[in-house]
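This report concerns only the one structure given below.
Protein chains: 2
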Amino acid sequence: MLNQTHDPDAKSWVNDANDHAEFPVQNLPLGIFAPSGSEDRRGGVAIGDRVLCLRGAAAFLHGAAADAARLADAASLNALFADGNAAADALRQGLFALLTDEKRASDAEKVLFDATECDLSVPFVVGDYTDFYTGIEHAKNVGALFRPDNPLLPNYKYVPIGYHGRASSIRASGAEVIRPTGQTRSSEGSPPHFKPSERLDYEMEMAIWTSGANQLGRPIPIGEATGHIAGLSILNDWSARDLQAWEYQPLGPFLAKNFLSTVSPWLVTSAALDPFRTAQPVRPEGDPKPLDYLWDDADQQHGAYSVSMEVLLQTAKMRDKGMAPHRLSKGPMTAMYWTAAQLIAHHTVNGCNLRPGDLLGTGTLSGPDASSFGSLLELSNGGKSPLTLPSGETRTFLEDGDEIVMRAHAEAPGARTIGFGECRGRIASR
Amino acid sequence: MLNQTHDPDAKSWVNDANDHAEFPVQNLPLGIFAPSGSEDRRGGVAIGDRVLCLRGAAAFLHGAAADAARLADAASLNALFADGNAAADALRQGLFALLTDEKRASDAEKVLFDATECDLSVPFVVGDYTDFYTGIEHAKNVGALFRPDNPLLPNYKYVPIGYHGRASSIRASGAEVIRPTGQTRSSEGSPPHFKPSERLDYEMEMAIWTSGANQLGRPIPIGEATGHIAGLSILNDWSARDLQAWEYQPLGPFLAKNFLSTVSPWLVTSAALDPFRTAQPVRPEGDPKPLDYLWDDADQQHGAYSVSMEVLLQTAKMRDKGMAPHRLSKGPMTAMYWTAAQLIAHHTVNGCNLRPGDLLGTGTLSGPDASSFGSLLELSNGGKSPLTLPSGETRTFLEDGDEIVMRAHAEAPGARTIGFGECRGRIASR
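These protein sequence lines map, in sequence, to chains A and E.
Under the UniProt record's numbering, the first sequence has 238 at position 238, and the numbering climbs by one with no breaks.
Under the UniProt record's numbering, the second sequence has 29 at position 29, and the numbering climbs by one with no breaks.
What follows is the structure, encoded as structure tokens:
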């Protein structure tokens, strides 16, 4: 539902917000931060190059917005989203009024921090992390590498395929990526060796954070699912392809994934994303219609997001030479074969309970051609076709010192573009 | 390390403990309870048919044992095991002295509850739940059903196969089992239907609870892994076989498992299990030796547990007629192809971090013949051979009103047998 907080002409008295590529006053993403050198974490909102402390801002807000700011004065956003999105929506209204009213600037400035002085963390205590597999082009590309004769399995167009990931190893942007060690095989039929992964990869995903909860045994109908989306971040689901190929049968990926998953620390809320809701791409002729529990006309009309995502790589050599990160790909979030609401309806249809702050990964989102492939596995055709970088170096998979930067922006005609910030990680040797 | 708390002749002044099949003073399992009608959860220890409240007992303990009792005065045991097993070991020593010293009975009796007046819950806040697949006979049996030509995959004898399960839907014994609904196919090639599972099953597993933590990126060497085992409970990993068959490729089980997992609420601690440590069964001739990171001579000598497990079924009709539950199987925990220490070493070898109170399932433990098969899938040969029950009823999978009861006991020559209590669940219709 659009309201004044989406007005593309709205301006903040925080001047650098107005031309900011990520965090204008139309965005107001929520996060958890501690001032540098402190461990005293609390909620904050990004505005331009600054972070407004919600503990401090509570004094300048009123009613439901002040109550919500106090809920966000915590080491996670779980309490703010415990009962759904209403509290965060009220907070957004209050913050928008505060940050657009010049007369209130002198008060609010007292609780503004420079973003460079804020240490951001994962915005939620993640009870469970589920990774889906909604990128059908990715599923086809990877399927062709693992099962050349059978790339897309018969269940794919019926079942929103997903599996449980690891909650303990989710970290915020900037966390070091320690190259995992494990079992790999040099060739089919040979015994495994134990060594550091030689096929370390990133996966470009979006993170869907949940709000509210359902009781165990009580599915969330698809018509109510959108109300359980707190918002989105960027997710890099680091993957060790050589470990994965050897371990994944029959129960799925395990050590190939659970050594680290990195999220961008700002939660771009559902309310901020309202102007960017768009129609789910029409299924190709011949694809089956989803079963009833996955189908909702309104969701098909508005359940996708106009978000573009890009991945950049900067090697150690490029850094030394002062060369900018090189873009590896750029693609749209509409590469999802299933909507976020379909994922929630599916996840709970058997009675499984979601809790506030659960993390649902979209799975790697690749477009139909290499310019939008969301992993090196795809870009290098399973390691067979090295990429050449502007530094003259080549890459099939990630080498020590490589840094991956992911960015995303929500863009739509008539709306002020908003960004997600960065999801960054550099490979360290073991 | 055996000490006076393992003396098989030790007696408690709690008289019913001394002949108790589960909870003599040699056991002292820890749990979380609230007195009936209250929500005020705190730690307790089972002694005979009673529960000693650790909040109350702290006043009658001294030094490290009193400190530990205060750590256990919480809604979970996570704090008690935050730094490893030392606190729980001290608590055990103090509780043993308290419960065997007649002179201290009049004090301690004030904080004893009848077990029937205690509402027990899951003993830990589970950060992550990992389910392994260590039952090699189960893996062969199930593999033969899903992949007749390829029952045991090439990685099985090298990789302790595991995957991440759902933390939010773990419940304590007694939780209702609401039959899950989902997508199933009546035959290969046909489109799926949406309906309640018709192949609802149990899985007889043991739960390994972790203590202490490792930093992300820092594996736990196998020689240190045993110190990260807080203790064991029983685990029933309820499974919907029809959902599983359709959804599990390529990323593993998801909705087929995450609707509920039930644990017995008493943590039988590592210290209590010391007399029952036994040698890991020798690998059959021709099986590969595990890679070095999975191998430790001491672990091979003592890393398995002499625990017997049994599964009983009582149908609604049997309950109505006053018939006792019927034993479906009984088997040993030494059916594990990998030790608990090997699971921990493997889980962390890529840098994945464990936290206190993580739950590691052993996977279904089946012996080599039907008397010890740990699931109906195996007992009914994939649903093709119905079992006949003493009531004259037949079963391939679970029907509404069926109740599954799992029990386990640690038994060894010269040691007082100790029990795990029950892991119970009744099927409710949707």
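All C-beta atoms, glycine included, are put in the ideal place defined by N, C-alpha and C.
Subject >> Helix, strand or coil at residue 302/E according to DSSP, with G and I counted as helix >> reply: Along the second sequence, one-based indexing puts residue 302/E at 302. Here residue 302/E sits in helix by DSSP.
**OP:** Mind checking the stretch 53 to 79 of chain E against chain A and listing, in chain order, the residues whose C-beta falls within less than 9 Å of any C-beta there?
**Re:** none
Original post:
What is the rounded straight-line gap between the Cα of residue 94/E and the Cα of residue 408/A?
Top reply: By one-based count along the second sequence, residue 94/E stands at place 94. By one-based count along the first sequence, residue 408/A stands at place 408. Spanning the two alpha carbons is a distance of roughly 57 Å.
Subject >> C-alpha distance - residue 178/E paired with residue 251/A, whole-angstrom precision >> reply: On the second sequence, position 178 is the one that residue 178/E refers to. On the first sequence, position 251 is the one that residue 251/A refers to. Cα to Cα, residue 178/E sits roughly 24 Å from residue 251/A.
Subject >> beta strand (DSSP E) runs wholly inside the stretch 93 to 131 of chain E, at least 3 long, in chain order >> reply: 112 to 114, 118 to 121
Subject >> Helix, strand or coil at residue 433/A according to DSSP, with G and I counted as helix >> reply: Given a span of 1 to 430 for chain A in the structure shown, any question on residue 433/A remains unanswerable.
Original post:
If you draw a straight line from the C-alpha of residue 401/E to the C-alpha of residue 429/E, how long is it?
Top reply: Here residue 401/E corresponds to residue number 401 of the second sequence, with the count starting at 1. Here residue 429/E corresponds to residue number 429 of the second sequence, with the count starting at 1. Each residue's alpha carbon lies about 8 Å from the other.
Original post:
Are any of the Cβ atoms in chain A nearer than 8 Å to that of residue 349/E?
Top reply: Position 349 of the second sequence holds residue 349/E. At least one chain A Cβ lies under 8 Å of residue 349/E.
**OP:** In angstroms with no decimal places, state the Cα-to-Cα distance between residue 384/E and residue 86/E.
**Re:** One-based indexing of the second sequence puts residue 384/E at position 384. One-based indexing of the second sequence puts residue 86/E at position 86. Those two C-alpha atoms are separated by around 50 Å.
Original post:
For residue 178/E and chain A, any beta-carbon pair shorter than 8 Å?
Top reply: As a working note, residue 178/E is residue 178 in the second sequence. Answer yes: the Cβ-Cβ gap between residue 178/E and chain A drops below 8 Å somewhere.
**OP:** Could you tell me the boundaries of the alpha helix (DSSP H) in which residue 270/A lies?
**Re:** If you number the first sequence from 1, residue 270/A lands on position 270. That run of the alpha helix (DSSP H) goes 270 to 273.
Original post:
Which class does residue 333/E belong to by DSSP, given the choice of helix, strand or coil?
Top reply: For the purposes of this step, residue 333/E is identified with residue 333 of the second sequence, where counting begins at 1. DSSP places residue 333/E in helix when its eight states are reduced to three.
Subject >> Partners in chain E for residue 128/A, counting only beta-carbon separations shorter than 7 Å >> reply: Locating residue 128/A in the first sequence gives position 128, counting from the first residue. Chain E residues near residue 128/A: 166, 167, 168.
Original post:
Would you say residue 133/E reaches chain A, if we count a Cβ-Cβ gap shorter than 8 Å as a contact?
Top reply: Counting from one through the second sequence, the residue named residue 133/E turns up at place 133. By this cut-off, residue 133/E is an interface position.
Original post:
What residues from the stretch 184 to 204 of chain A come within 9 Å of chain E, judged by C-beta to C-beta, listed N to C?
Top reply: 185, 188, 189, 191, 192, 193, 194, 197
Subject >> Closest by C-alpha distance to residue 219/A, when choosing among 3/A, 348/A, 212/A >> reply: For this step, residue 219/A is matched to residue 219 along the first sequence. For the options 3/A, 348/A, 212/A, the alpha carbon positioned closest to that of residue 219/A is the one of 348/A.
Original post:
So, is the C-beta of residue 252/A closer than 8 Å to a C-beta in chain E?
Top reply: Stepping through the first sequence from its first residue, residue 252/A is reached at position 252. Residue-level contact check: residue 252/A touches chain E, since one or more beta carbons of chain E fall below 8 Å from its beta carbon.
Original post:
On the three-pair Cβ rule with 8 Å, is the stretch 232 to 242 of chain A touching the stretch 387 to 394 of chain A?
Top reply: no
Original post:
Hey, is residue 117/A's beta-carbon within less than 8 Å of any beta-carbon in chain C?
Top reply: The displayed structure is made up of protein chains A and E, and chain C is not among them.
**OP:** With residue 236/E as the anchor, note down where its beta strand (DSSP E) starts and where it stops.
**Re:** Against the second sequence, residue 236/E aligns to sequence position 236. Residues 229 to 236.
Subject >> Contained alpha helix (DSSP H) runs [length at least 4] in the stretch 57 to 81 of chain A, N- to C-terminal order >> reply: 63 to 71
Original post:
Taking Cβ positions, are residue 26/E and residue 416/E nearer each other than 8 Å?
Top reply: The residue you call residue 26/E lines up with position 26 of the second sequence. The residue you call residue 416/E lines up with position 416 of the second sequence. Contact: yes.
**OP:** For my contact list, residue 54/E and residue 41/E are in at a C-beta cut-off of 8 Å; report their separation, rounded to the angstrom.
**Re:** By one-based count along the second sequence, residue 54/E stands at place 54. By one-based count along the second sequence, residue 41/E stands at place 41. Their Cβ separation, rounded to whole angstroms, is 11 Å, which puts residue 54/E and residue 41/E out of contact at 8 Å.
Subject >> Sequence-distant residues of the same chain with beta carbon closer than 6 Å to residue 280/A, five excluded per side >> reply: As a working mapping, residue 280/A is identified with position 280 in the first sequence. So the qualifying residues of the chain are 300, 303, 304, 339.
Original post:
So is residue 81/E in contact with chain A if we call contact Cβ pairs under 8 Å?
Top reply: Within the second sequence, residue 81/E is the residue found at index 81, counting from 1. No - not a single Cβ of chain A is within 8 Å of the one on residue 81/E.
Original post:
Quick one: what does DSSP say residue 424/E is sitting in, helix, strand or coil?
Top reply: The residue given as residue 424/E occupies position 424 in the second sequence. Three-state result, residue 424/E: strand.
Original post:
The beta strand (DSSP E) spanning residue 247/E covers which residue range?
Top reply: Along the second sequence, one-based indexing puts residue 247/E at 247. Premise fails: residue 247/E lies in the alpha helix (DSSP H), 241 to 247, not in any beta strand (DSSP E).
**OP:** Indicate whether residue 35/A and residue 76/A have their beta-carbon atoms separated by less than 8 Å.
**Re:** Walking along the first sequence from the start, residue 35/A turns up at place 35. Walking along the first sequence from the start, residue 76/A turns up at place 76. Taking 8 Å as the Cβ cut-off, residue 35/A and residue 76/A do not qualify as a contacting pair.
**OP:** Spell out whether any CB of chain A is found under 8 Å from the CB atom of residue 247/E.
**Re:** As a working mapping, residue 247/E is identified with position 247 in the second sequence. So, interface residue.
Original post:
Taking the beta strand (DSSP E) that residue 183/E falls in, what are its first and last residues?
Top reply: Taking the second sequence and counting its residues from 1, one reaches residue 183/E at position 183. Looking at the DSSP string, the run of the beta strand (DSSP E) that includes residue 183/E is 181 to 184.
Subject >> As assigned by DSSP and simplified to three states, the class of residue 342/A >> reply: In the first sequence, the residue the question calls residue 342/A occupies position 342. Reduced to three states, the DSSP call for residue 342/A is helix.
Subject >> residue 347/A - DSSP class collapsed to helix/strand/coil >> reply: Here residue 347/A corresponds to residue number 347 of the first sequence, with the count starting at 1. Helix at residue 347/A.
**OP:** Could you confirm whether any beta carbon from chain A is found closer than 8 Å to the beta carbon of residue 337/E?
**Re:** In the second sequence, residue 337/E corresponds to position 337, counting from 1. At a cut-off of 8 Å between beta-carbon atoms, residue 337/E makes no contact with chain A.
Original post:
Just to confirm, are residue 88/A and residue 2/A a CB contact at a threshold of 8 Å?
Top reply: If you number the first sequence from 1, residue 88/A lands on position 88. If you number the first sequence from 1, residue 2/A lands on position 2. No Cβ-Cβ contact shorter than 8 Å links residue 88/A with residue 2/A.
Subject >> Cβ-based contacts, 9 Å cut-off: residues of the stretch 276 to 292 of chain E near chain A >> reply: Result list: 288, 291, 292.
Original post:
With distances taken between CB atoms, is the gap from residue 169/E to residue 255/E smaller than 8 Å?
Top reply: Stepping through the second sequence from its first residue, residue 169/E is reached at position 169. Stepping through the second sequence from its first residue, residue 255/E is reached at position 255. No, Cβ-Cβ distance for residue 169/E and residue 255/E is not below 8 Å.
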